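Here the structure comes first, spelled out in structure tokens, and everything after it is commentary.
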Amino acid sequence: MHPTPFARAAARAFAVAAAGLLLTGCAGAGATGSGGDSVRLTVAIVSNPQMQDAISLEERFRRENPGIEVDFVSLPENEARAKITTSVATGGGEFDAVMISNYETAQWAEYGWLENLQPYIDDSPGYDDGDFIPSIREDLSYEGDMYSVPFYGESSFLAYREDLFDQAGVEMPENPTWDEVAELAAELDGVEPGVSGICMRGLAGWGEMLSPFNSMLHTFGGRWYDQDWNAELDSPEFRRTAEFYVDLTREHGQTGAANSGFGDCLNRYAQGRAAMFYDSTSMVSTIEDDSAGTVAGLNGYAPAPVSESDYGGWLYTWSLGIPSTSEHKEEAWAFLEWMTDKDYIRLVAEEYGWQRVPPGNRLSTFAEPEYQEAAGAYADPMLEGIEQADPAEPTTRPVPYHGIGFLAIPEFQDLGTRVSQQLSAAIAGQVTVEEALAQSQRYAEDVGDTYKEDER
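Mapped onto our numbering, the consecutive letters of the sequence shown carry residue numbers -15 to 440.
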């Protein structure tokens, strides 16, 4: 088999990314503990709320696996991506298990950087990988085998404060368009002191603001590249999306939006400081938790807003994989199995309530009567959003890439970050949208040219 342009470009792209990222020291992978034959695993995760729950419950894993201890390296999303990418791409061997996503999984499997998990899955009675939502399972597979397993899965939808809508005398359409959302944001902005009309990510980062931006772009009929890898960041569709996103965020979004990522918007909305929040369906584990904020039970949920297409959401999953450099793969799989099994879902439910379980990975979770009772307002919109996602055809016109909230090409870690920096600067008022897109087009053309060369 001849390597694809995608595969040939990977070595260049990840070499550049690895060279540009600092890797700070951490415990060596698979270190032998002082307890004789015990194994100490080093696991790199993103410090989102569901992962913090896993850390708090890790003692249960150690009780069931007395010969294995786990050290977590927990970092904010952008830092975690950089650290994990650098370690895995360079064969650093710092980690026995890593939290990655459907962006990295198939690419890294192709390069031989991840252990094939299918043999472990097949040898684990009751694990039931057929229970994973099909779109999630497919996006974490390479040549039919799973190379990472989902901790939680997500699409995107629009959460809104039903009480504030009633107070303002407005209604959420059953299937809102982005134009309707902008009108609602204007009506609701300042409905109570300190409450913004909407909260939207503005923080630079390919996995930060570009997730909602790309989902908006694709439903607006925009694309990053045509089928011949000609960049289209200066197209009317891309320009319309950028102007809409920047104007909505600047005019009716939160203060300091250029510094707001998922975590900041999640906190703002949970604390009652925004009337609407368009983002990941995983938000429900926090905003419907009484102990995490003030809005539990006050929320309505609408599908991801649309424009030119019938679907406006994205597909994303935080998953766990084993780097091929790990010296303790069996023990690492034992931890992955524990953290992604049906029993873990029940454990979280017992300890913290069904509203806190990692959402959107297993079909069986949605069949649990207790989950349906706790998640009645959002369970169906979440599952529908995940199941309807089609990363192979993200927009209204053909594209040469795969993915909705991201482009599944190795260069996107760098390209996406650069473009997001330009858009974030436009939200901050440091550059105009025209200036941001002019620079972004040049970045995208450089990447597109490498694919044109590889196809010759």
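Beta carbons: idealized from backbone N, C-alpha and C, even for Gly. All figures in this text were calculated on a predicted structure; none of them were measured in a lab.
Among the options, nearest to residue i - alpha-carbon criterion
i: Ser291; options: Ala166, Glu235, Val54; result: Ala166
i: Ala409; options: Pro287, Leu347, Ala241; result: Ala241
i: Gly237; options: Asp218, Arg224, Arg257, Thr225; result: Arg257
i: Thr379; options: Ser139, Gly297, Gly181, Gly51; result: Gly297
i: Val403; options: His386, Glu377, Val431, Gly387; result: Val431
i: Ser264; options: Asn251, Ser195, Phe135; result: Ser195
i: Phe279; options: Asn243, Ala254, Ile393, Tyr95; result: The question names Phe, but residue 279 is Val in the sequence shown. Ranking Asn243, Ala254, Ile393, Tyr95 by Cα distance to Val279 puts Ala254 first.
i: Glu375; options: Glu368, Tyr385, Gly189; result: A small fix is needed here, since residue 375 is Pro in this sequence, not Glu. Answer by Cα proximity: Tyr385.
i: Tyr295; options: Glu321, Phe149, Gly389; result: Gly389
i: Leu367; options: Ile120, Arg47, Val27; result: Ile120
i: Thr239; options: Ala361, Val175, Arg252; result: Arg252
i: Phe396; options: Glu88, Arg234, Val27; result: Glu88
i: Arg223; options: Phe246, Glu235, Gly247, Asn198; result: Asn198
i: Asp433; options: Glu334, Gln211, Asp115; result: Gln211
i: Trp162; options: Glu176, Arg46, Pro287, Ala333; result: Pro287
i: Ala73; options: Cys249, Glu335, Leu98; result: Leu98
i: Gln102; options: Pro353, Lys313, Glu176, Arg234; result: Lys313
i: Ser293; options: Arg47, Ala373, Val175, Glu235; result: Ala373
i: Arg234; options: Gly277, Asp173, Ser219; result: Asp173
Integer Cβ distance of residue i from residue j, believed to fall under 8 Å
i: Ala215; j: Gln425; result: 6 Å
i: Leu407; j: Ala226; result: 6 Å
i: Gly369; j: Phe141; result: 6 Å
i: Leu383; j: Tyr209; result: Residue identity differs from the one stated: residue 383 is Val in this sequence, not Leu. Confirmed, Cβ separation roughly 6 Å.
i: Asn100; j: Leu124; result: Actually they do not touch by this definition, with Cβ atoms about 12 Å apart.
i: Arg340; j: Asp273; result: 6 Å
i: Ala143; j: Ile271; result: 6 Å
Beta-carbon proximity list for residue i, same chain, < 8 Å, skipping 5 on both sides
i: Ala363; result: Phe350, Tyr355, Gln356
i: Glu221; result: Leu201, Phe204, Gly205, Gly206, Arg207
i: Phe135; result: Gln34, Met35, Ala38, Met83, Thr301, Trp302, Ser303, Leu304, Met323, Thr324, Pro342, Asn345
i: Thr16; result: Bear in mind that a pLDDT of 48 at Thr16, under 50, signals an unreliable position, so the model cannot answer this.
i: Glu437; result: none
i: Asn243; result: Gly186, Leu187
i: Gly337; result: Asp273, Ala358
i: Ser18; result: Only weak support is given to the placement of Ser18: the predicted model assigns it a pLDDT of 43, under 50, and the value that follows is read from those uncertain coordinates. Excluding positions up to five away in sequence, the list is empty.
i: Cys249; result: Cys183, Met184, Arg185, Gln238, Ala258, Phe261, Asp263
Short Cβ contact (8 Å threshold) for residue i with residue j
i: Tyr285; j: Pro160; result: no
i: Pro33; j: Ser269; result: yes
i: Ser303; j: Val179; result: no
i: Leu41; j: Asp80; result: no
i: Ala259; j: Arg145; result: yes
i: Tyr262; j: Pro289; result: yes
i: Ile182; j: Leu148; result: no
i: Gln91; j: Ala359; result: no
i: Glu371; j: Ile29; result: no
i: Phe228; j: Glu192; result: no
Contact set for residue i: own chain, Cβ-Cβ below 7 Å, skip 5 residues either direction
i: Arg44; result: Leu331
i: Ile105; result: Tyr111, Asp113, Met130
i: Leu282; result: Arg145, Glu146, Asp147
i: Asn49; result: Ala318
i: Glu321; result: Ser108, Tyr111
i: Gln405; result: Ala188
i: Thr8; result: Legend: pLDDT at Thr8 = 36, less than 50; position of this residue unreliable, value from coordinates given subsequently. Same-chain partners within the cutoff: there are none.
i: Gly463; result: Examination of residue 463 is not possible in this model, given that the chain is present from -15 through 440 alone.
i: Glu164; result: Pro157
Contacting residues, own chain, Cβ-Cβ under 6 Å from residue i (five flanking each side not counted)
i: Ala217; result: According to the sequence provided, residue 217 is Leu. The question's Ala does not apply to it. Only Leu421, Ser424, Gln425, Ala428 meet the Cβ criterion.
i: Asn62; result: Gly189
i: Ile138; result: In the sequence on display, residue 138 carries Glu and not Ile. Closer than 6 Å at Cβ, skipping near neighbours: Ser264, Thr265, Ser266, Tyr300, Gly344.
i: Val230; result: Ala410, Ile411, Val417
i: Gly400; result: Trp190, Leu194
i: Leu6; result: Low confidence applies to Leu6: its pLDDT is 39, below 50, so where it sits in the model is not reliable enough to give any reading.
i: Ile52; result: Val23, Glu315
i: Gly75; result: Thr309
i: Val415; result: Ala409
i: Gly387; result: Pro375
The ligand NAD heavy atom lying under 7 Å from the CB of residue i
i: Gln372; result: The ligand NAD is absent from the structure shown, which contains no ligand whatsoever.
field: Validate contact between the segment 159 to 173 and the segment 300 to 310 using beta carbons, cut 8 Å, 3 pairs
entry: no
Does the contact criterion of 3 or more C-beta pairs under 8 Å hold for the segment 338 to 355 versus the segment 148 to 159? no
Review point. Is it a yes or a no for the segment 53 to 72 touching the segment 104 to 122, going by three-plus beta-carbon pairs under 8 Å?
Key: no
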